[in-house]
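Inspection log for the structure reproduced underneath, given as structure tokens.
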Amino acid sequence: MDQGLATDTGLLLKDDETQRDEKVKENLDIQIVTATEENFTEADIIKLMREFCVETFDPIGGSTVEARNQIRKTLKNTDDKTLMNNIEETLEPTPVGFFIKSLQRNVQKMNKLVKEGNVQLALCNGKVIGAIAARIGGKMADGRAVYEFTQAIVLPEFRKRNIYTQIKDTLIIKLRSKNVNCGFISSTENPSVIKYCQEHNWAEKTLDECLSIILARPDLDEVYIRYLKEWVEKHKLRSEWKVFINDPLNE
Numbered sequence: 014m015d016q017g018l019a020t021d022t023g024l025l026l027k028d029d030e031t032q033r034d035e036k037v038k039e040n041l042d043i044q045i046v047t048a049t050e051e052n053f054t055e056a057d058i059i060k061l062m063r064e065f066c067v068e069t070f071d072p073i074g075g076s077t078v079e080a081r082n083q084i085r086k087t088l089k090n091t092d093d094k095t096l097m098n099n100i101e102e103t104l105e106p107t108p109v110g111f112f113i114k115s116l117q118r119n120v121q122k123m124n125k126l127v128k129e130g131n132v133q134l135a136l137c138n139g140k141v142i143g144a145i146a147a148r149i150g151g152k153m154a155d156g157r158a159v160y161e162f163t164q165a166i167v168l169p170e171f172r173k174r175n176i177y178t179q180i181k182d183t184l185i186i187k188l189r190s191k192n193v194n195c196g197f198i199s200s201t202e203n204p205s206v207i208k209y210c211q212e213h214n215w216a217e218k219t220l221d222e223c224l225s226i227i228l229a230r231p232d233l234d235e236v237y238i239r240y241l242k243e244w245v246e247k248h249k250l251r252s253e254w255k256v257f258i259n260d261p262l263n264e
């Protein structure tokens with residue numbers, strides 16, 4: 014979720030959704046709106062992420078049941094102000110500390126993207142039940158901007174309702190209204206995201222092709238570039254990791 018490459022892992026599906034019970038009601042009134050139109054604040058972002066994480070999110074792959082339960086307990090019993098300032102750099106890393114730092118970064122990231130108008134929300138009866146954010150992630154060879162989806166959240170009880178597709182499609186249309194013919198990139202191992210890209214005919218690419226797009230960003234320093242290259246070499250060994258590009262000029 015905070016890997017620094019054009020990733021669309023999302024928060025919508027950490028487990029196999031085919032094994033989940035259908036808990037949503039029929040005929041839900043779902044609205045798709047821009048976060049700025051809804052006056053979506055940092056407090057709202059924290060509330061959404063907190064609600065999602067308490068229910069489903071395993072922030073550390075392979076972490077123990079005890080660690081996950083401790084994280085959920087911390088989320089339930091810690092107020093927003095404490096949660097967002099609870100960093101003690103002198104302490105040894107713990108699952109809870111690792112998670113809180115990750116949560117803080119993602120809240121800050123989404124808050125920035127809300128202000129830029131790059132976050133789309135899904136509402137049900139006035140409640141935010143899903144969100145997706147995008148940012149400039151690189152450039153095509155001809156200089157066109159490429160966006161990456163940095164965060165995607167759909168609350169568990171509202172899964173299997175096509176909400177992820179709705180908010181993603183709407184954000185793509187909105188961003189292309191501001192940045193004509195921009196591309197979109199998704200690097201992921203999330204089955205739900207892979208299915209979306211395949212069903213929408215996104216072109217599958219290699220991680221090296223993905224890297225060349227990211228390295229075209231002007232704001233990268235040498236340390237970050239080295240990190241990106243190491244990340245790519247590591248993920249080349251994982252056959253489940255896929256990269257997709259949506260380029261309107263090559264459809």
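Throughout, my numbering is defined as the position within the sequence shown, counted from one, plus 13.
We put the CB at the ideal spot given by N, CA and C, even for glycine.
For clarity, every value in this text was computed on a predicted model and none was experimentally measured.
message: Short of 7 angstroms in beta carbon distance, which residues of its chain neighbour ARG189, apart from the five on each side in sequence? Order them along the chain.
response: Position 176 of the sequence shown holds residue 189. Once the five neighbours on either side are set aside, the close Cβ partners of ARG189 are CYS195.
message: Give me, in chain order, the residues of the same chain whose beta-carbon lies closer than 6 angstroms to that of THR49; leave out the 5 immediate sequence neighbours on both sides.
response: As a working mapping, residue 49 is identified with position 36 in the sequence shown. So the list reads GLY130, once near-sequence residues are dropped.
ILE185 versus LEU224 - alpha carbon distance: Position 172 of the sequence shown holds residue 185. Position 211 of the sequence shown holds residue 224. In a straight line, the C-alpha of ILE185 is about 21 angstroms away from that of LEU224.
message: Does the segment 137 to 148 come into contact with the segment 167 to 178, if we say contact requires no fewer than three beta-carbon pairs (one atom in each stretch) closer than 8 angstroms?
response: Yes, since at least three Cβ pairs between the segment 137 to 148 and the segment 167 to 178 fall closer than 8 angstroms, the two stretches touch.
- request: If I'm right that ILE58 touches VAL159 with Cβ under 8 angstroms, what's the distance once you round it to whole angstroms?
  value: Counting from one through the sequence shown, the residue named residue 58 turns up at place 45. Counting from one through the sequence shown, the residue named residue 159 turns up at place 146. No, ILE58 and VAL159 are not in contact; Cβ-Cβ is about 25 angstroms, not under 8 angstroms.
query: Starting from VAL193 and walking both ways along the beta strand (DSSP E), at which residues does that stretch end?
result: Here residue 193 refers to the residue found at position 180 of the sequence shown. Premise fails: VAL193 is in no beta strand (DSSP E) and is neither H nor E.
message: Can you give me the C-alpha to C-alpha distance between GLY139 and ASP234, rounded to a whole angstrom?
response: Within the sequence shown, the letter at position 126 stands for residue 139. Within the sequence shown, the letter at position 221 stands for residue 234. Distance between the alpha carbons of GLY139 and ASP234 is about 42 angstroms.
task: Report the residue from GLY151, TYR240, GLN44, ARG251 whose alpha carbon sits nearest the alpha carbon of GLU222.
output: Position 209 of the sequence shown, counted from the start, is the residue given in the question as residue 222. The option with the nearest alpha carbon to GLU222 is GLY151.
message: Given a cut-off of 7 angstroms on the beta-carbon distance, is the pair VAL245 and LEU228 in contact?
response: By 1-based counting over the sequence shown, the position of residue 245 is 232. By 1-based counting over the sequence shown, the position of residue 228 is 215. With respect to the 7 angstroms criterion, VAL245 and LEU228 are not classified as neighbours on the basis of their beta carbons.
- request: Please state whether DSSP places LEU233 in a helix, a strand or coil.
  value: Counting from one through the sequence shown, the residue named residue 233 turns up at place 220. Coil at LEU233, not helix or strand.
Inter-residue Cα distance where the pair is ARG148 and LEU126: Here the question's residue 148 lines up with position 135 in the sequence shown. Here the question's residue 126 lines up with position 113 in the sequence shown. Their Cα atoms are separated by approximately 7 angstroms.
query: Cβ atoms of ILE258 and ILE198: under 7 angstroms apart, would you say?
result: In the sequence shown, the residue the question calls residue 198 occupies position 185. In the sequence shown, the residue the question calls residue 258 occupies position 245. For ILE198 and ILE258, yes; Cβs fall inside 7 angstroms.
field: alpha helix (DSSP H) segment containing ASN119, residue limits
entry: The residue given as residue 119 occupies position 106 in the sequence shown. If you look at ASN119, you'll find it in the alpha helix (DSSP H) that goes 108 to 128.
- prompt: First and last residue of the alpha helix (DSSP H) that includes LYS86?
  reply: Indexing the sequence shown from 1 puts residue 86 at position 73. Per DSSP, LYS86 belongs to the alpha helix (DSSP H) from 78 to 90.
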